[in-house]
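Enquirer: 104 is the number that my numbering gives to position 85 of the sequence shown; each next residue is one higher, with no gaps.
Note that CB positions come from ideal geometry on N, CA and C, so glycine has one too.
Computed from a predicted model, the values in this text were never measured in an experiment.
This is the structure I want to talk about, given as structure tokens.
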Amino acid sequence: MRGEPSRPVVPAQLSLEARPRSEALVEPASDPHRPRLRGFRCLTLAGAIVHDLIFWRDVKKTGFVFGTTLIVLLSLAAFSVISVVSYLILALLSVTISFRVYKSVIQAVQKSEEGHPFKAYLDVDITLSSEAFHNYVNAAMVHINRALKLIIRLFLVEDLVDSLKLAVFMWLMTYVGAVFNGITLLILAELLVFSVPIVYEKYKTQIDHYVGIARDQTKSIVEKIQAKLPGIAKKKAE
Numbered sequence: 020m021r022g023e024p025s026r027p028v029v030p031a032q033l034s035l036e037a038r039p040r041s042e043a044l045v046e047p048a049s050d051p052h053r054p055r056l057r058g059f060r061c062l063t064l065a066g067a068i069v070h071d072l073i074f075w076r077d078v079k080k081t082g083f084v085f086g087t088t089l090i091v092l093l094s095l096a097a098f099s100v101i102s103v104v105s106y107l108i109l110a111l112l113s114v115t116i117s118f119r120v121y122k123s124v125i126q127a128v129q130k131s132e133e134g135h136p137f138k139a140y141l142d143v144d145i146t147l148s149s150e151a152f153h154n155y156v157n158a159a160m161v162h163i164n165r166a167l168k169l170i171i172r173l174f175l176v177e178d179l180v181d182s183l184k185l186a187v188f189m190w191l192m193t194y195v196g197a198v199f200n201g202i203t204l205l206i207l208a209e210l211l212v213f214s215v216p217i218v219y220e221k222y223k224t225q226i227d228h229y230v231g232i233a234r235d236q237t238k239s240i241v242e243k244i245q246a247k248l249p250g251i252a253k254k255k256a257e
């Protein structure tokens with residue numbers, strides 16, 4: 020209206036000093052989902068690294084990881100954990116001490132002042148900040164809570180078919196445990212992890228065809244079992 024006084028126009032680039040104190044002290048609210056997003060990004064990055072390893076994107080890196088872990092598992096199958104860890108630490112110390120002494124002798128003969136041979140690695144900051152720690156914890160808690168819900172759902176028989184599947188799987192695992200021990204299963208698992216993905220990537224079309232046939236047959240069998248179980252058909256009808 021005409022009689023109403025006009026409000027002063029505040030410039031958009033007004034500095035904090037020119038604004039009222041109450042307005043200048045107001046900070047934007049922090050996003051409560053930011054730690055979860057950062058944790059998700061960390062898990063995504065870790066998943067990408069694992070994906071590149073098991074698909075042999077870098078043959079040297081994958082070969083080193085595969086060979087090292089396989090040697091450790093084979094050593095654990097033949098010796099105790101304490102012996103394997105002790106030998107690994109001794110081997111690492113032998114390499115680092117020998118290299119340190121060698122570089123010291125070379126510097127003394129050549130009268131050079133190159134300094135510590137591992138100075139570049141000693142100066143690397145490997146401290147874990149509290150923010151990064153909370154990000155990893157938040158990312159892990161998502162999976163832990165999901166696993167706890169799944170365990171409660173299976174053991175309290177929320178879905179009878181799923182609980183029966185777990186019972187059958189555990190019954191089969193008793194026979195597997197009678198033939199293989201834990202270390203042997205880990206060795207077989209590593210061989211499968213580093214071989215199956217690359218084979219599947221090469222023969223994806225053929226494998227998907229046979230997997231689809233097996234999935235359809237399994238689904239039909241499960242549906243027949245569900246139809247005969249008491250309470251399942253009634254639950255589906257509702």
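So what does DSSP say about isoleucine 240, is it helix, strand or coil?
Expert: In the sequence shown, counting from the first residue as 1, residue 240 sits at position 221. Helix, per DSSP.
Enquirer: For phenylalanine 74, which option in Thr237, Ile232, Glu220, Lys238 has the closest C-alpha, if you only look at C-alpha atoms?
Expert: For the purposes of this step, residue 74 is taken as residue 55 along the sequence shown, with counting starting at 1. The candidate whose alpha carbon is nearest that of phenylalanine 74 is Glu220.
Enquirer: Straight-line CA distance for serine 34 to glutamate 133?
Expert: Taking the sequence shown and counting its residues from 1, one reaches residue 34 at position 15. Taking the sequence shown and counting its residues from 1, one reaches residue 133 at position 114. Residue placement at serine 34 cannot be trusted, given a pLDDT of 43 that sits under 50; the coordinates are not used to answer.
Enquirer: Between which two residues does the alpha helix (DSSP H) harbouring asparagine 164 extend?
Expert: As a first step, residue 164 must be located in the sequence shown, where it is residue number 145. 149–174 is the extent of the alpha helix (DSSP H) around asparagine 164.
Enquirer: At which residue ranges does the stretch 56–110 contain complete beta strand (DSSP E) runs of 3 or more residues, listed in the order of the chain?
Expert: Here no run is fully enclosed.
Enquirer: Have a look at isoleucine 244 and histidine 162 and give me their C-alpha separation to the nearest angstrom.
Expert: To locate residue 244, count along the sequence shown from 1; it is residue 225. To locate residue 162, count along the sequence shown from 1; it is residue 143. Straight-line Cα distance between these residues: approximately 31 Å.
Enquirer: When DSSP labels each residue in this structure, what does glycine 201 get in the three-state scheme?
Expert: To locate residue 201, count along the sequence shown from 1; it is residue 182. Here glycine 201 sits in helix by DSSP.
Enquirer: Span of the alpha helix (DSSP H) holding glutamate 220?
Expert: Within the sequence shown, residue 220 is the residue found at index 201, counting from 1. Looking at the DSSP string, the run of the alpha helix (DSSP H) that includes glutamate 220 is 215–221.
Enquirer: Just the Cα atoms here: how many angstroms apart are alanine 43 and phenylalanine 174?
Expert: Against the sequence shown, residue 43 aligns to sequence position 24. Against the sequence shown, residue 174 aligns to sequence position 155. Low confidence applies to alanine 43: its pLDDT is 42, below 50, so where it sits in the model is not reliable, and the reading given next is rough at best. If I take the Cα positions, the gap works out to 55 Å.
Enquirer: Within its chain, find whatever has a CB closer than 8 Å to the CB of serine 49; leave out the 5 residues flanking it on each side and keep chain order.
Expert: Taking the first residue of the sequence shown as 1, we reach residue 49 at position 30. In this prediction, serine 49 scores a pLDDT of 49, lower than 50, which makes its location untrustworthy; the coordinate-derived value is nonetheless stated afterwards. Same-chain partners within the cutoff: there are none.
Enquirer: Given 8 Å as the limit, is there contact between the stretch 204–217 and the stretch 79–88, that is, 3 or more CB pairs closer than that?
Expert: Yes: at least three Cβ pairs fall under 8 Å.
Enquirer: For valine 230, name the three-state secondary structure that DSSP assigns.
Expert: Stepping through the sequence shown from its first residue, residue 230 is reached at position 211. The answer is helix: DSSP assigns valine 230 an H, G or I state.
Enquirer: Is proline 136 close to the ligand HEM? I mean its beta-carbon at under 7 Å from any heavy atom of the ligand.
Expert: The ligand content of the structure shown is nil, which means the ligand HEM is not present either.
Enquirer: Output yes or no for whether 8 Å exceeds the beta carbon distance between isoleucine 240 and leucine 92.
Expert: Against the sequence shown, residue 240 aligns to sequence position 221. Against the sequence shown, residue 92 aligns to sequence position 73. Cβ distance not < 8 Å, so isoleucine 240 and leucine 92 don't count as in contact.
Enquirer: Is the distance from the Cβ of glutamate 209 to the Cβ of threonine 87 below 8 Å?
Expert: Mapped onto the sequence shown, residue 209 falls at position 190. Mapped onto the sequence shown, residue 87 falls at position 68. Result no, Cβ atoms of glutamate 209 and threonine 87 do not sit closer than 8 Å.
Enquirer: Report buried or exposed for alanine 158, applying the criterion of at least 16 other Cβ atoms within 10 angstroms of its Cβ.
Expert: On the sequence shown, position 139 is the one that residue 158 refers to. Alanine 158 comes out buried.
Enquirer: Could you give the DSSP three-state label for serine 123: helix, strand or coil?
Expert: Residue numbering aside, residue 123 sits at position 104 when the sequence shown is read from its first letter. Note: serine 123 maps to helix in three-state DSSP.
Enquirer: In angstroms, rounded to a whole number, what distance separates the CA positions of leucine 109 and threonine 237?
Expert: Numbered from its first residue, the sequence shown carries residue 109 at position 90. Numbered from its first residue, the sequence shown carries residue 237 at position 218. C-alpha separation (whole angstroms): 52 Å.
Enquirer: From what residue to what residue does the alpha helix (DSSP H) around lysine 138 run?
Expert: Numbered from its first residue, the sequence shown carries residue 138 at position 119. Where lysine 138 is concerned, the enclosing alpha helix (DSSP H) stretches over 138–141.
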